[in-house]
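Visitor: Per full-length UniProt numbering, the sequence shown starts with residue 1, numbered consecutively.
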Amino acid sequence: MQVACIKIQRNRKKRKEVDIMESAYRESSTETNHRDGARRRPGGRSTRIRTAVLQATMSMLRERGLEGLNVAEIAATIGIPESTIYRHWRSREELVVATALAHMDETIQLPDTGSLRSDIQIFLQDSASFLQSTEGQLFTRSMFATMNRTESQVRQEYWMSRFSHTGLLIQRAIERGEVAPETDPNVIMTALIGALYVRLLVLDAPLDAAFLRQLELMLLDGILQKRHL
Numbered sequence: 001m002q003v004a005c006i007k008i009q010r011n012r013k014k015r016k017e018v019d020i021m022e023s024a025y026r027e028s029s030t031e032t033n034h035r036d037g038a039r040r041r042p043g044g045r046s047t048r049i050r051t052a053v054l055q056a057t058m059s060m061l062r063e064r065g066l067e068g069l070n071v072a073e074i075a076a077t078i079g080i081p082e083s084t085i086y087r088h089w090r091s092r093e094e095l096v097v098a099t100a101l102a103h104m105d106e107t108i109q110l111p112d113t114g115s116l117r118s119d120i121q122i123f124l125q126d127s128a129s130f131l132q133s134t135e136g137q138l139f140t141r142s143m144f145a146t147m148n149r150t151e152s153q154v155r156q157e158y159w160m161s162r163f164s165h166t167g168l169l170i171q172r173a174i175e176r177g178e179v180a181p182e183t184d185p186n187v188i189m190t191a192l193i194g195a196l197y198v199r200l201l202v203l204d205a206p207l208d209a210a211f212l213r214q215l216e217l218m219l220l221d222g223i224l225q226k227r228h229l
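1) Restricting to runs no shorter than 4 residues, where is the alpha helix (DSSP H) found entirely within the segment 50-88?
2) Would you kindly work out how many angstroms separate the C-alpha atoms of Ser118 and Thr134, rounded to a whole number?
3) Apart from the five residues just before and just after Gln225, which ones in its own chain have a Cβ nearer than 8 Å to its Cβ?
4) If you follow the alpha helix (DSSP H) that Ile120 is part of, which residue opens it and which one closes it?
5) With 16 as the cutoff for other CB atoms within 10 Å, does Met218 come out buried or exposed?
6) Within 10 angstroms of the Cβ of Ser59, are there 16 or more other Cβ atoms? Answer buried if so, exposed if not.
7) Report yes if the C-beta distance between Leu200 and Leu207 is below 8 Å; otherwise report no.
8) For Leu101, which three-state DSSP category applies?
9) Express the C-alpha separation of Glu175 and Glu63 in angstroms, rounding to a whole number.
10) Classify Leu215 as helix, strand or coil using the three-state DSSP reduction.
11) Drop a sphere of 10 angstroms on the beta-carbon of Ser28, count the other beta-carbons inside from all chains shown, and report buried for 16 or more, exposed for fewer.
12) Is the Cβ-Cβ distance between Ile78 and Ala102 less than 8 Å?
13) Using the rule of at least 16 other Cβ atoms within 10 Å of the residue's Cβ for burial, across every protein chain shown, is Glu94 buried or exposed?
14) Along the chain, where does the alpha helix (DSSP H) that runs through Val187 open and close?
15) In terms of residue numbering, what span does the alpha helix (DSSP H) encompassing Pro171 cover?
16) With 16 as the cutoff for other CB atoms within 10 Å, does Arg48 come out buried or exposed?
17) From the DSSP output, in three-state form, read off Leu207 for me.
18) Let me know if Ala56 comes out buried or exposed under the rule of 16 or more other beta-carbons within 10 Å of its beta-carbon.
19) Please report how far the alpha carbon of Ile80 lies from the alpha carbon of Ala100, in whole angstroms.
20) In whole angstroms, give me the CA-to-CA distance for Gln137 and Asp184.
21) Are there 16 or more other CB atoms within 10 angstroms of the CB of residue 231, so buried, or fewer, so exposed?
22) Consult DSSP for Leu224 and reduce its assignment to one of helix, strand or coil.
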């Protein structure tokens, strides 16, 4: 009986010590989070503002189209000064391009199947589906309508950023040994994406299965190592 009482007392003591340690850890963590939050607040707020502006711009484009887009109203909707938007994007046109590209990157995910052929097939199908959808046409045409009015440097920055992002498909294939190491991913994706836009916007032709298949074969026959063909 006495031994049992001693064990109970020891267990209570250990539990109390654990409680004290957990309490101290929570207080330390809370204090650290407060300090870290204070340090991160400017960047975090900036990111939240950018996200809110892009979402509001997207909503307004859907409702009104490019002609009805009003930066002052976007700012009022979010509850920020209009000047804040222009600190992030130098013009209305730049904001439209940023919104369209951000939406495309969210909608068209980069596949990673372990095979470049499968990755390209999925990427082409997803891209074609989006670009030919009502929303895809709205954003694509809005983006290209404003491109001529944006600065050359801005256009280059946006497109190179997009090609670098999608170029991960080729970079992974290089790392797997499917594609020669000297292959430039940006050049390949420029040709691939450029073909989609030229057919859709310049030729006003559909991105049908036959076209996508020919594009896939042309690309892969040109860059895949022989053992992967």
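For every residue, glycine included, the Cβ atom is placed at its ideal position computed from N, Cα and C.
Guide: Taking the coordinates as given:
1) 71-78 and 82-88
2) 26 Å
3) Gly177, Glu178, Val179 and Ala180
4) Leu116 to Leu131
5) exposed
6) exposed
7) yes
8) helix
9) 44 Å
10) helix
11) A caution first: Ser28 carries a pLDDT of 39, below 50, which makes its placement in the model unreliable, though a value can still be read off. Exposed.
12) no
13) buried
14) Pro185 to Tyr197
15) Pro is not the amino acid found at residue 171; the sequence shown has Gln there. Per DSSP, Gln171 belongs to the alpha helix (DSSP H) from Leu168 to Arg176.
16) exposed
17) coil
18) buried
19) 22 Å
20) 29 Å
21) With the chain represented from 1 up to 229, any question about residue 231 goes unanswered, as that position is not in the structure.
22) strand
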